[in-house]
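A.B. asks: Here's a structure for you.
2 protein chains.
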Amino acid sequence: MGIIERKARQKADLRARILEASRAIVLADGFAGLTMRKIAQAIDYSPGTLYLHFAGRDEIARELCIGGLRDLVAALTPTAAILEPRARLEAVAQAYLRFGLERAETYRLVFMEDPTIVKVIYDRPEAGSDDDPGTQAYRLLAAGFFELQAAGRLKPAADPLVLTDAFWSSLHGVVSLKLTCPGFPATPVEILLPTLVKSLLDGMLV
Amino acid sequence: MGIIERKARQKADLRARILEASRAIVLADGFAGLTMRKIAQAIDYSPGTLYLHFAGRDEIARELCIGGLRDLVAALTPTAAILEPRARLEAVAQAYLRFGLERAETYRLVFMEDPTIVKVIYDRPEAGSDDDPGTQAYRLLAAGFFELQAAGRLKPAADPLVLTDAFWSSLHGVVSLKLTCPGFPATPVEILLPTLVKSLLDGMLV
DNA sequence: GTCTATAGGCTGATAGAC
DNA sequence: GTCTATCAGCCTATAGAC
């Protein structure tokens, strides 16, 4: 079986190299600059070869999208060490902003591009399961609000899931506005985000 | 002078027709679907003619961008009739969301596309003046927070301009997330936005 | 599996006739 | 001013040789 295994490994390797090269191109030229030709050139293969590993450009985009979301989860996860829920949510916000600004093109691809790309997150078989990065990221935030509720710190009748959505939407607003209109909210993000998070949580908690 | 005037008017008319056709194409096919050929075909002229009225595709995009912002201002302006500042800000939020969802492609073009397109808003000579739609939209929101401050209703040491930026960012977050990931914040916007706005303002006011 | 070659389409922008 | 024709380039995807 050694030969078959080796061939399978080589195939997986090339697939990984294709994705890695694609990631670099998206980083450098944006998603619009990602073309099959460029990818092939970057890994020294012919364009046709790519189609043996991916159905086409869209499939590569979807893989990158999921990978980016996985990276976001990885960037947010360390905050789980903070026990106090409000402090943890504030740390999540910081980490989220940081990720979005540092990995701008990745963030754009996942959250600001064509809806059909991000659609894969919900349509995949794992969607909703523990293995799904989208679910993991969401739970990371939702957990904080559930804990606050359990401690009786949420305003009565507040729905933790609705607050989670509101919180995430606000974070997304700061990041995405900064990426598209750098310099529009004149307030620097180091002040804007903490102010927003503080106001929001102050308004949500008793 | 009649002949010269007529020619000038004809020229301005064609320019307007080009923009109108472009707007329709962006509406139907998105910004990526806007091409010089399609525009020319829509108004029954040859592609070359477009270049007599615009330097190129980018200039058309910039004009559309400013026009879209102007429309946004028009959509928000009626709320100025509401005297009580908090109620007015809530109404602005509603109108903003409504505009973003109803004019999705326009909103995308102005606030979610290439930074170089929206850049024109700040670089134009009118930028910052009363005639500038960006400034007008911003003032519409900022006025509410200044009035709240004047009435002693803001938390001490709060900066109205920072709150304005935070408020706008949140609105943008709800709209843009909905446009890119329809169905991600599972909470329907009719609940999400009021919850967000209420929490935010509760946290900002004394 | 990988290559070369190419089909078949799109794009923005321009040159020169009228 | 407007047209036709075209340049020069890009793209995805595929067919057939090796």
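If you're matching them up, the sequences are chains S and P in order. Just so you know, we're using this note's numbering here: the first sequence kicks off at -16 and counts up by one. Just so you know, we're using this note's numbering here: the second sequence kicks off at -16 and counts up by one. C-beta: ideal position from N, C-alpha, C; glycine also.
Buried or exposed, going by whether 16 or more other CB atoms sit within 10 Å of the CB of Lys278 (chain P)?
C.D. replies: Since the first residue of chain P shown is -16 and the last is 189, residue 278 (chain P) is not available in this structure.
A.B. asks: In whole angstroms, give me the CA-to-CA distance for Gly13 (chain P) and Leu(-3) (chain S).
C.D. replies: 35 Å
A.B. asks: Identify every residue that forms a DSSP beta bridge with Leu188 (chain S).
C.D. replies: Leu188 (chain S) is bridged to S:Leu137.
A.B. asks: Are the beta-carbon atoms belonging to Ala76 (chain S) and Leu154 (chain S) less than 8 Å from one another?
C.D. replies: For Ala76 (chain S) and Leu154 (chain S), yes; Cβs fall inside 8 Å.
A.B. asks: Looking at the structure shown, is Cys164 (chain S) part of a helix, part of a strand, or coil, going by DSSP?
C.D. replies: coil
A.B. asks: Is Glu96 (chain S) close to chain P, meaning its C-beta is less than 8 Å from at least one C-beta of that chain?
C.D. replies: yes
A.B. asks: Between P:Thr178, P:Pro177, P:Leu176 and P:Leu183, which has its C-alpha nearest Leu179 (chain S)'s C-alpha?
C.D. replies: P:Leu183
A.B. asks: Evaluate contact between the stretch 54 to 63 of chain P and the stretch 114 to 130 of chain S, counting only Cβ atoms and requiring at least three cross-stretch pairs below 8 Å.
C.D. replies: As far as the Cβ criterion goes, the stretch 54 to 63 of chain P does not touch the stretch 114 to 130 of chain S, which means the pair count is below three.
A.B. asks: For Gly186 (chain S), count neighbouring C-beta atoms within 10 Å of its own C-beta (all shown protein chains included) and say buried if the count is 16 or more, exposed if not.
C.D. replies: When all chains shown are included, Gly186 (chain S) counts as buried.
A.B. asks: Are the stretch 167 to 177 of chain S and the stretch 140 to 148 of chain P touching, with three or more C-beta to C-beta distances below 8 Å?
C.D. replies: By the Cβ criterion, the stretch 167 to 177 of chain S is in contact with the stretch 140 to 148 of chain P, since at least three pairs of Cβ atoms, one from each stretch, lie closer than 8 Å.
A.B. asks: State the Cα-Cα distance for the pair Cys48 (chain S) and Ala38 (chain S), rounded to the nearest angstrom.
C.D. replies: 16 Å
A.B. asks: To the nearest angstrom, how far is the alpha carbon of Ala15 (chain S) from that of Val101 (chain P)?
C.D. replies: 18 Å
A.B. asks: Is Gly186 (chain S) close to chain P, meaning its C-beta is less than 8 Å from at least one C-beta of that chain?
C.D. replies: yes
A.B. asks: Pick helix, strand or coil for Pro171 (chain P), following the three-state DSSP scheme.
C.D. replies: coil
A.B. asks: Among residues of its own chain, excluding the 5 on either side of Leu137 (chain P), which ones have a beta-carbon nearer than 6 Å to its beta-carbon?
C.D. replies: Leu131
A.B. asks: Could you pull out every residue in the same chain whose Cβ sits closer than 7 Å to the Cβ of Ser29 (chain P), ignoring the five residues on either side in sequence?
C.D. replies: Here the set comprises Ala23.
A.B. asks: To test your reading of the DSSP string, which unbroken beta strand (DSSP E) runs of 3 or more residues are found completely within the stretch 79 to 116 of chain P?
C.D. replies: none
A.B. asks: Taking only the alpha-carbon atoms, compute the straight-line gap between Leu10 (chain P) and Arg86 (chain P) and give it to the nearest angstrom.
C.D. replies: 8 Å
A.B. asks: In three-state DSSP terms, what is His36 (chain S)?
C.D. replies: coil
A.B. asks: Report, in whole angstroms, the separation of the C-beta atoms of Val158 (chain S) and Gly83 (chain S), which I expect to be a contact under 8 Å.
C.D. replies: 3 Å
A.B. asks: Taking beta-carbon pairs under 9 Å, can you tell me which members of the stretch 54 to 84 of chain S lie near chain P?
C.D. replies: none
A.B. asks: Which residues in the same chain as Val103 (chain S) place their Cβ atom closer than 8 Å to its Cβ, once the five residues preceding and following it in sequence are excluded?
C.D. replies: Within the same chain, and ignoring the five residues on either side of Val103 (chain S) in sequence, the residues whose Cβ sits closer than 8 Å to its Cβ are Arg45, Cys48 and Ile49.
A.B. asks: Considering Asp12 (chain S), what are the terminal residues of the alpha helix (DSSP H) in which it resides?
C.D. replies: Gly(-15) to Asp12
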